[in-house]
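Per my numbering, the very first residue in the sequence shown carries number 956; after that it's consecutive. Every residue, glycine too, gets a C-beta built ideally from N, C-alpha and C. Everything below concerns the one structure shown next.
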Amino acid sequence: MNRRSFLASASGAMAHPLLNSLISAPSGLLLAQQTSAKATFKSSFTAANHSLTIKPCTIEISPGVNIKTIAYNGQVPGPLLRLRHGVPVTIDVTNGTDNPEIVHWHGLTTDSLNDGAMEEGSPMIAPGGHLRYSLTPNPAGLRWYHTHTMAGSNLSVGAYTGQFGFLLVEGASDPNHYDQEVFLAVHHWEPSFVPMVETMQAQSANHPLTSGSDVGYKYATINQHRLGAGEPLRVKQGQKVLMRLLNASATENVVLALPGHTFRIIAMDGNPVPNPKEVEVVSLAAAERVDAIVEMKSPGVWVLGSTLEKSRLMGLGIVIEYAGKTGVPVWKDPQNTAWDYTQFANSTPAPTPDETFTLALMDLGPMKDAKFDTWAINGASWPDIEPLKVQRGKRYRLIFQNASGDQHPMHLHRHTFEVIAIGDKSISGLRKDVINVMPLDTVAVDFIADNPGDTLLHCHMQLHMDFGFMQLIRYTT
Ligand SMILES: [Cu+2]
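Listed below in structure tokens is the structure:
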């Protein structure tokens, strides 16, 4: 639905279910108001194809370790939504929390109102209210859904919670053969403030000293459980397992390995890669996805987990158990932990863009009494930042120049981009919606302005986007 049709339907009293979210009233009042518009009543209360309830819940991530959080339908991850490519669906979302909420359909080319980003004009869902999202799933591949609320200094809301789930857009055919399909989502729990200097020193020597804070965590899980808790992933020798991996952490980038095995990377952010390749480790910045086929050729009991021991002790891993094998799960450090996006791409250069935006990613340090640093693009921070102006049908290049000591997983809403350079290396054909820009590195991506409506560009680190790291892309034609 475009903005015009939204406004047309909104001109009748409460005529569109999207408006439900604008009523900050108990559902009874909302019902009463809607009875004045019969057509709306009918459309709103016809069962949607899917429904999600955002509500507080407690999950036991390992024996005796209970996490109070907020999740979809009381489960982590939320229900797997399997949608058919191009077949419209409705999804009803009820907000059972005390805070306004919103759900972002990450990686889909939906319209601005249904995308789930308030900066684009998508409505919030009031506490106790509900909202019906209408989506036409596109493109095919591994997508996901998650909250897009601001958290700021409140570490008990936003992406710090369990509000995430897999959304798979199934295409007409899948050329890859596999025997088992598993969905594995990484998340970190019990966040707290830690001095940024400590984390920076561990990650990079380049960061200017700052008095700002970072977020640290006590626990980590794959799906609901810490390493060693919950059921192992059971496999058989000779099987090909399709692992659909998602980093649903609010702020942490991770690197995973499975000793004795390799990952054949076939898709990134749900899009088939031009050059599938076997690698020892998988790097997942916040919000990134990887589809990998793992051939089960090393019978035993293994740890699939973080390459960092500290993270595995927090729980970042899952046991892989071959049929008939028992014993203590084995971990071995991988030999090569380097991650290189370019190996999965074509080496031919991409077409010349119609226009280029060069975006310097900057750390301004903490403002006034703020705990966290403020972030800027070319010196300007959200909301005091002009949109990038684009015209329909043109090809645009975004050059991210990371002038900071942090990694930044840059996410473009409602569009897929093509990664065309990492550092000095030109590539093509690698289509993603999140790209991790390493400290002081430069990365370039191209996108076609083919989906009119306001479009958010931001760093996917919750504490970076909350403190200024966002910009709109606005269509002028
Ligand atoms: Cu960032």
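- Take asparagine 1208, set aside five residues on each side of it, and the residues of its chain with a beta-carbon closer than 8 Å to its own are Asn1202, Ser1238, Leu1239, Ala1240, Ala1241, Gln1362, Pro1364, Asn1391, in chain order.
- For arginine 1369, no beta strand (DSSP E) segment is defined, and its DSSP state is neither H nor E.
- Within 7 Å of the C-beta of histidine 1363 there is at least one heavy atom belonging to ligand 1.
- In the three-state scheme derived from DSSP, where H, G and I count as helix and E and B as strand, lysine 1265 is classed as helix.
- Judged by their CB atoms, alanine 1399 and isoleucine 1375 are nearer to each other than the 8 Å cut-off.
- Selection Glu1125, Gly1120, Leu1319 evaluated against proline 1043 yields Glu1125 as nearest (Cα-Cα).
- Put simply, of Gly1378, Tyr1351, Lys1380, Pro1231 the residue whose alpha carbon is nearest the alpha carbon of leucine 1367 is Tyr1351.
- A direct Cα-to-Cα measurement between isoleucine 1009 and alanine 1106 gives close to 16 Å.
- Nearest to tryptophan 1099 by alpha-carbon distance, out of Ser1111, Leu1123, His1085, Tyr1088, is Leu1123.
- Distance check between leucine 1211 and each of Gly1193, Gln1194, Arg1087, Leu1182 places Leu1182 closest, using alpha-carbon atoms only.
- Linking valine 1256 to glycine 1272 through their CA atoms gives a straight-line distance of about 13 Å.
- No heavy atom of ligand 1 is found nearer than 7 Å to the CB of phenylalanine 1422.
- The Cβ atoms of histidine 1085 and aspartate 1047 lie closer than 8 Å to each other.
- Cβ-Cβ distances below 8 Å link proline 1011 to Lys1023, Thr1024, Ile1025, Gly1051, Thr1052 in the same chain, with the five nearest sequence neighbours on each side left out; the list follows chain order.
- In this structure, histidine 1005 has its CB at a distance of at least 7 Å from all heavy atoms of ligand 1.
- For leucine 1271, the three-state secondary structure derived from DSSP is coil.
- In the displayed model, glycine 1113 falls within a helix according to three-state DSSP.
- Contact fails between the stretch 1323 to 1339 and the stretch 1279 to 1287, because fewer than three Cβ pairs, one in each stretch, are under 8 Å apart.
- Inter-segment contact for the stretch 1109 to 1117 and the stretch 1252 to 1269 is absent: fewer than three beta-carbon pairs are separated by less than 8 Å.
- Note on arginine 1039: under 16 other CB atoms within 10 angstroms of its CB, so exposed under the neighbour-count rule.
- Checking the 7 Å criterion, the Cβ of histidine 1419 is within range of a heavy atom belonging to ligand 1.
- Counting C-beta pairs with one atom in each stretch, the stretch 1265 to 1279 and the stretch 1184 to 1204 have three or more that are closer than 8 Å, which means they touch.
- Close CB contacts of glutamine 1356 within its chain, under the 6 Å cut and outside five residues either way in sequence, are with Ala1315, Thr1397 (chain order).
- Annotated as proximal: asparagine 1226 and arginine 1386, with beta-carbon spacing under 8 Å.
- Boundaries of the alpha helix (DSSP H) harbouring methionine 1420: 1417 to 1420, taken from the DSSP string.
- For aspartate 1309, there is no enclosing alpha helix (DSSP H), as DSSP marks it with neither H nor E.
- Under DSSP, the beta-bridge partners assigned to proline 1227 are Ala1222.
- The Cβ-Cβ distance between phenylalanine 1121 and alanine 1095 does not fall below 8 Å.
- In summary, glutamate 1310 is exposed, with fewer than 16 beta-carbon neighbours lying within 10 Å of its beta-carbon over all protein chains present.
- DSSP, reduced to helix, strand and coil, places glutamine 1298 within a helical segment of the structure shown.
- Spatial neighbours of alanine 1205 in its own chain (CB-CB distance under 6 Å, excluding positions within 5 residues in sequence) are listed in chain order as Ala1114, Tyr1115, Gln1417.
- Between proline 1321 and glycine 1083, the C-beta gap is not smaller than 8 Å, which leaves the two residues out of contact.
- DSSP, reduced to helix, strand and coil, places aspartate 1401 within a strand of the structure shown.
- DSSP places asparagine 1093 outside both helix and strand once states are collapsed to three, so it counts as coil.
- For leucine 1213, the secondary structure class from DSSP, reduced to helix, strand or coil, is coil.
- Counting only residues of its own chain and dropping the five nearest sequence neighbours on each side, glycine 1423 has a CB closer than 7 Å to the CB of Thr1329, Trp1330, Ala1331, Ser1336, Trp1337.
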